[in-house]
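Asks:
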Amino acid sequence: MDNLNQNILYITYDGLLDPLGASQILPYIKAISSYQNSMHVLSFEKNNKLLCDGESMLLDIAPYGIKWKPLSFTEGFWIFSKAWDLSRMYFFALFLAYKYNIQVVHARSNIPAQVGFFLKKIFNCKLIFDFRGLWVDEKIDKGSWDLKYWTHRMQYKYFKRVEKKILEEADQVVVLTQRVVNEVYNLGASPYSKITVIPCCADYDHFVLSTSDSKSKAMDLVGIPPESFVIGFLGSVGKTYMLDYFFRLFKLSIDTVPNLHALMITQDCIELNRIMKKNIHKSLNNRIHIKSASRNEVPLLLPAIDIMVNFVIPSYARMSMSPTKMAECFATGIPVISSFNIGDVDEIINDLK
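This is the structure we're talking about:
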């Protein structure tokens, strides 16, 4: 693993064209590509984004010599769509590994890691398991699996066995937090020397320190009155993000902060509106501003926020979580209210005191 100038295959089920891919995948593979002989990326993209932005992505990565094989993400058809995507992931990864004499496979999360493990056995290549989080246990947190059902218990036990095997066999394991290192070691990633912590990061050239001018422009863009105090939410809407507590904080604060507004930046606008209707009286709707934004648009909106809220349900799986939004807010100069026991957040906050 010490040799540079190798042929790399990066496998991800997350799209390069998604906001997550733009912030947490592209900067890394661009940096890695300059040290390697060749870099090939196999990713799954949403059809509409591939049609609209596929060509611009090719132009963006061309100067880095990155070869990209995008596959369309299959939607609908329940478990069959996942099985179809997985079969295509195996096929194209096998084809690329054979054709380009791949020496290192970098697999982002558990499903691509299964494919990477298969390639390691076939071609004797090195495997970097980019573990990200406790993916199997996160499925329970998010409500995808309920262990009271035997079918879900079977899936859980199967994927935990697979996870353990891949952790044991991987040449290197990347995790997001210091807090999860011991747990990953106990799960099979031995010795400690093969575990590397790389937290989610923010691009300080993309997210810049807020100024009074950028704040004024952001508030105009959203339609928030100039003298308002704004609490914010950024990111995906899901069971783990405690949005009921966000709205509770908003309602409790409005009596003491009469000019209070909320700016919620997400691509899950329909689901967020549904949750808001359950928690907020319609008389307050004009104080809550919901915006969908691309990665390039987020830095234009963030300066409108005075305090970002990061409420996450603490659980076993959350020890591996590294909230990207916190790094982006710190880059912009926005303080963050956060729940405890989330990855390394406690240590970060204590260090900043």
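The numbering of the sequence shown is the working numbering, which starts it at 2 and goes up by one.
Yeah, the Cβ is synthetic: ideal placement off N, Cα and C, and Gly gets one too.
#1: Excluding the 5 residues preceding and the 5 following Lys165 in the sequence, name in chain order all residues of the same chain whose CB lies nearer than 8 Å to its CB.
#2: At what residues does the beta strand (DSSP E) containing Ser339 begin and finish?
#3: Which residues in the same chain have their Cβ closer than 6 Å to the Cβ of Leu235, if we skip the five residues on either side of it in sequence?
#4: Tyr101 by DSSP, collapsed to three states: which one?
#5: From which residue to which residue does the alpha helix (DSSP H) around Tyr205 run?
#6: With distances taken from CA atoms, which of Gly16, Ala114 and Gln156 is nearest Glu169?
#7: If we ignore side chains and look at the alpha-carbon of each, how far apart do Lys70 and Leu18 end up?
#8: When the Cα of Ile33 is compared with those of Lys83, Lys100, Val106 and Asn48, which residue comes out closest?
#9: Check the C-beta distance from Asp15 over to Arg89 and give it rounded, since I have them as a contact under 8 Å.
#10: Using the Cα positions of Ile196 and Glu348, report the straight-line distance between them to the nearest angstrom.
#11: When you compare each of Ser211, Asn280, Asn111 and Val258 to Lys140 by their alpha carbons, which one comes out closest?
#12: Reducing DSSP to helix, strand and coil, say where Glu329 ends up.
#13: 9 Å is my cut-off, CB to CB: does Trp79 come that close to chain B?
#14: Would the stretch 167 to 183 count as touching the stretch 333 to 348 if we require 3 or more Cβ pairs under 8 Å?
#15: Would you call Phe251 buried or exposed, if buried means 16 or more other Cβ atoms sit within 10 Å of its Cβ?
#16: With distances taken from CA atoms, which of Met277, Pro315 and Pro336 is nearest Ile306?
#17: Quick one: what does DSSP say Gly55 is sitting in, helix, strand or coil?
#18: Looking at Glu272 and Val238, is the spacing between their C-beta atoms short of 9 Å?
#19: How close, in whole Å, do the beta carbons of Phe160 and Val137 come, if the pair is a contact with beta carbons under 8 Å?
#20: Sorted by chain position, which residues of the same chain lie with C-beta nearer than 6 Å to Ile276's C-beta, five sequence neighbours on each side aside?
#21: How is His282 classed by DSSP in three states: helix, strand or coil?
#22: Along the chain, where does the beta strand (DSSP E) containing Ile67 start, and where does it finish?
#23: Helix or strand or just coil, what does DSSP make of Gly334?
#24: State yes or no: is the C-beta of Cys202 within less than 9 Å of the C-beta of Pro324?
#25: Figure out for me which residue from Asn280, Leu301 and Ile103 has the closest Cα to the Cα of Leu222.
#26: Using DSSP bridges, identify the partner residues of Asp131.
#27: Between which two residues does the beta strand (DSSP E) harbouring Tyr29 extend?
#28: Would you identify the three-state DSSP class for Ala114, choosing helix, strand or coil?
#29: For Tyr101 and Ser35, I'd like the C-alpha separation in whole angstroms.
#30: Can you give me the C-alpha to C-alpha distance between Pro200 and Val258, rounded to a whole angstrom?
#31: Work out the CA separation of Leu285 and Ala318 for me, nearest whole Å.
Replies: According to the data block:
#1: Excluding positions up to five away in sequence, the list reads Leu188 and Gly189.
#2: Start and end: Val337 to Ser339.
#3: Within the same chain, Leu235 has close Cβ partners Ile266 and Lys326.
#4: Tyr101: coil per DSSP, three-state reduction.
#5: Neither: Tyr205 is in no alpha helix (DSSP H) and is coded neither H nor E.
#6: Closest in alpha carbon position to Glu169, among Gly16, Ala114 and Gln156, is Ala114.
#7: Rounded to the nearest angstrom, the gap between the Cα atoms of Lys70 and Leu18 is 13 Å.
#8: With distances taken between CA atoms, Ile33 lies nearest to Val106 out of Lys83, Lys100, Val106 and Asn48.
#9: That belief does not hold up - the Cβ atoms of Asp15 and Arg89 are roughly 15 Å apart, past 8 Å.
#10: Using only the alpha carbons, I get a separation of about 20 Å.
#11: It is Asn111 whose Cα lies nearest to the Cα of Lys140.
#12: Helix.
#13: The displayed structure is made up of one protein chain only, and chain B is not part of it.
#14: Note that the stretch 167 to 183 touches the stretch 333 to 348; at least 3 beta-carbon pairs, one per stretch, sit closer than 8 Å.
#15: Looking at its Cβ environment, which holds 16 or more other Cβ atoms inside 10 Å, Phe251 is buried.
#16: Selected option, being the one with the closest Cα: Pro336.
#17: In the displayed model, Gly55 falls within a helix according to three-state DSSP.
#18: Yes, these two residues count as a Cβ contact at 9 Å.
#19: Contact between Phe160 and Val137 holds: CB atoms are separated by about 5 Å, below the 8 Å threshold.
#20: Exclusion of the five residues before and after Ile276 leaves Leu244 as the residues of its chain whose Cβ lies within less than 6 Å of its Cβ.
#21: In this structure, His282 counts as coil in the three-state DSSP scheme.
#22: For Ile67, the uninterrupted beta strand (DSSP E) run begins and ends at Ile67 to Ser73, by DSSP.
#23: Residue state, collapsed to three classes: coil.
#24: For Cys202 and Pro324, no; Cβs fall outside 9 Å.
#25: From the listed residues Asn280, Leu301 and Ile103, the smallest Cα separation to Leu222 is found for Leu301.
#26: In DSSP, Asp131 forms a bridge with Arg109 and Val175.
#27: Premise fails: Tyr29 lies in the alpha helix (DSSP H), Leu27 to Ser34, not in any beta strand (DSSP E).
#28: Correct three-state label for Ala114: helix.
#29: If I take the Cα positions, the gap works out to 17 Å.
#30: Val258 has its alpha-carbon roughly 35 Å from the corresponding atom of Pro200.
#31: Near 35 Å, if we compare the C-alpha coordinates of Leu285 and Ala318.
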